[in-house]
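**Student:** Numbering (mature numbering (1 follows the signal peptide of the UniProt record, and there is no 0)) for the sequence shown: -18 to -1, 1 to 517. Think of the CB as a built atom: it goes at the ideal place given N, C-alpha and C, for glycine as much as any other residue. These numbers come from a predicted model, not from an experiment. Okay, here's the structure, questions in a sec.
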Amino acid sequence: MYKIIKIFVLSVFIISCARVGSPNGGPKDIIPPKFLGSKPDTLATHVNPNIKEIVLNFDEYVILKDLAKQVIISPPPRITPSISPVSSARKYVTVRFYEPLLANTTYHINFGTSIQDNNEGNKLNNFSYTFSTGDKIDSLQVNGTVKQSLKRGLAEPTLVSLYKIEKDKSGKDSINLKNKPYYISRVDSLGNFKFEHLHEGNYRLLAFNDLNSNLIPDMDKEIVGFTTKEINPIHADTYNLILSPVKEPYHVIGAVQEGQGIIKVKFKGNPDKLNIVPVDRSFPSYKIDHQPFSDSLYIYFNNKEFKKTENKFKVKLLVKFRQKADTVNLLYDNTINSHLSLEPIDKEISPTSYFMLQTTNYIDLINKDRIEVIKNKKSINFSTEIDSLDAKKITIKFPVSYDTEYKVTIKDNAFQDFLNQKNKDTLSYIIKTKKQNEFGNLSIKIKNKPESKFFFQLLNEKYEIVENIYGSQDTFIFQNMRPGKYLIRILVDENNNATWDRADLENFKPAEPTYLYPNLIEVRPLWDINEVWIL
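Given below as structure tokens:
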């Protein structure tokens, strides 16, 4: 009898053990790790600035993920602390410091969603830890919102920072944007941010999308938003920041040869006007193509005189912008083959658009006799036009009907470029227009429009510009639109310089105003859409 009972008990024990490991052994764990305590305690004061390590204890095995994007320490130590575990799980998290901390300072560590349990990956959201090396925990707060100037939605990842204003060598208030900010926060999914445990003082509030995770705004790649004046958290204000591209300080990058008789000068800072001249040689009949506020300039010249004597030679150019002068050099190769070629920009046209060509070189002359446009087997009248802003673009204008086939023939010697080269091949393009019921129409009426001129931009879903209209009218009509989804944006030209000025971070001057239409507009065949936009 004793043996039977013993066997029965042993069987129950084995079955129970098996059930623990069963794939169907109960509901899935969805509970995140629970914080049990820390050393030093959270909200501890008088913490030794020479502390080497902080230990945070949890009720289960945890691991850290995506530390670079999730964990923010304010103020950030000069030497980045190490935080673990990142590979093998354990029931505690350590933060190890490699330099003394600041005295009389409240430190705030926000772990974001980096802490998660090792089994199911349940995240401990927005966990933070605070301590002070002084006799109190700072308690001031700053909060607000962040949005973009040119796009809808959030720019990921976006950080908000507070730079402590300090005296420079001359005694003036200043900040160094090349250093990490004093306080850092992140925005939530709605674009809101909140700083806690701040010390009273004067700061610059600045947001940026930290693409390279270096905690520093990189003006050449990242969009930035800021307050125009310094702030003090002792005042309970809410701040609304707008992320915009930043105007870079002007400087010349260099010059490169883009083809035969073409030199491209590249620069930053988007200058409005430039003066450029060859220094050590005269270029025969050279032309300069510079679009104001662009990032490059083209020099076109006829190099035939050089071909007789030199295969390669040095070119020195003097580039002047306001009071600044730069010299750039390049080695010009006179042996590069060059030819004039062309291709259509878009083979689809409508009664409200034109057939356009893109050429490889700057066009000087067009021979209309070498071009033919045929409709229903008959030649029709047309006109040609060289784009005044881009001489590499040619427009061929002729009346366009719906549901009709056209044939455009470009014969040899129809175009001549600045090198006196002519196109060698005869090219024909068959263009079949769509039926009227395949297009849609869109009308936008603006109320409370800006007082100054502005750019009205029709964009596709990728924010690529479809139409860019500069003016001050309050109604915009687009006919024969391709079906699709569109966005609308307005860039205000407050200073009337015919461009939209970016943010000037050096002088803390914001970008010129922008407006984004709140809805995505879907254009459908045969639909007439009429929208009213109240700014």
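Return the chain-ordered ranges of every alpha helix (DSSP H) run that is complete within the stretch 241 to 313 and spans a minimum of 4 residues.
**Tutor:** Whole alpha helix (DSSP H) segments, 4+ residues: 286 to 289.
**Student:** Rounded to a whole number of angstroms, what is the C-alpha to C-alpha distance between N501 and E148?
**Tutor:** Rounded to the nearest angstrom, the two C-alpha atoms are 44 Å apart.
**Student:** Who are the near neighbours of L469 in its chain, counting only those whose CB is closer than 6 Å to its CB and skipping five residues on each side?
**Tutor:** Cβ within range, chain order: L441.
**Student:** Under the three-state reduction of DSSP, which class applies to A50: helix, strand or coil?
**Tutor:** Looking at A50 - three-state DSSP - the assignment turns out to be helix.
**Student:** Have a look at A218 and L517 and give me their C-alpha separation to the nearest angstrom.
**Tutor:** So the alpha carbons of these two residues sit roughly 29 Å apart.
**Student:** Give me, in chain order, the residues of the same chain whose beta-carbon lies closer than 6 Å to that of P227; leave out the 5 immediate sequence neighbours on both sides.
**Tutor:** The residues are I205, R484.
**Student:** In terms of alpha-carbon separation, which member of S278, D315, Q340, T317 lies closest to L324?
**Tutor:** It is Q340.
**Student:** Apply the 10 Å Cβ neighbour rule to L401 and answer buried if 16 or more other Cβ atoms are within range, or exposed otherwise.
**Tutor:** Buried: at least 16 other Cβ atoms inside 10 Å.
**Student:** Take L188 as the anchor and find which of E178, E420, I157 has the nearest alpha-carbon.
**Tutor:** Of E178, E420, I157, the residue nearest in Cα terms is I157.
**Student:** Return the CA-CA distance between V142 and P163, expressed in angstroms with no decimal places.
**Tutor:** Taking the straight line from one Cα to the other gives about 9 Å.
**Student:** Could you tell me which uninterrupted beta strand (DSSP E) segments, each at least 3 residues in length, are contained entirely in the stretch 177 to 254, listed from first to last along the chain?
**Tutor:** Correct list: 185 to 191, 206 to 208, 220 to 225, 233 to 241, 244 to 250.
**Student:** Which residue's Cα is closest to the Cα of F458: K393, I428, R72, P465?
**Tutor:** The candidate whose alpha carbon is nearest that of F458 is I428.
**Student:** Can you confirm whether the stretch 116 to 132 touches the stretch 175 to 182 when touching is taken to mean that 3 or more C-beta pairs between the two stretches lie within less than 8 Å?
**Tutor:** Judged by Cβ distances under 8 Å, the stretch 175 to 182 makes contact with the stretch 116 to 132, as three or more pairs qualify.
**Student:** Measure the C-alpha to C-alpha separation of K375 and D192 and round it to an integer number of angstroms.
**Tutor:** Cα to Cα, K375 sits roughly 38 Å from D192.
**Student:** Where D407 and D277 are concerned, what is the direct C-alpha to C-alpha distance, given to the nearest angstrom?
**Tutor:** If I take the Cα positions, the gap works out to 34 Å.
**Student:** By alpha-carbon positions, which one of G126, L347, Q52, N184 ends up nearest to E138?
**Tutor:** Checked all of G126, L347, Q52, N184; the closest Cα to E138 is Q52.
**Student:** Taking just the CA atoms, how far does Q455 sit from Q439?
**Tutor:** One C-alpha to the other measures close to 13 Å.
**Student:** Under 8 Å by Cβ, that's how I've got S56 and I166 pegged, so tell me the actual separation to the nearest angstrom.
**Tutor:** With a Cβ gap of about 5 Å, S56 and I166 count as contacting.
**Student:** With H, G and I counted as helix, E and B as strand and the rest as coil, what does DSSP make of Q455?
**Tutor:** In the structure shown, Q455 sits in coil (DSSP, three-state: anything other than H, G, I, E or B).
**Student:** Based on Cα-Cα distance, which residue from L38, G94, L487 lies nearest to F17?
**Tutor:** Answer by Cα proximity: L38.
**Student:** Hey, how far is the Cα of I345 from the Cα of L371?
**Tutor:** Their Cα atoms are separated by approximately 12 Å.
**Student:** So, using beta-carbon positions, are K435 and G453 closer together than 8 Å?
**Tutor:** Yes, they are a contact pair.
**Student:** Which residue spans inside the stretch 40 to 96 form an unbroken beta strand (DSSP E) run of at least 3?
**Tutor:** DSSP runs (the beta strand (DSSP E)) wholly in the stretch 40 to 96: 54 to 56, 64 to 66, 72 to 78, 88 to 92.
**Student:** With DSSP as the reference, label D351 as helix, strand or coil.
**Tutor:** Three-state DSSP puts D351 in a helix.
**Student:** For S4 and I54, what's the separation of their Cα atoms in angstroms?
**Tutor:** Because S4 sits at a pLDDT of 37, beneath the cut-off of 50, its placement in the model cannot be relied upon, and the following sentence gives the value as read from the coordinates. Using only the alpha carbons, I get a separation of about 40 Å.
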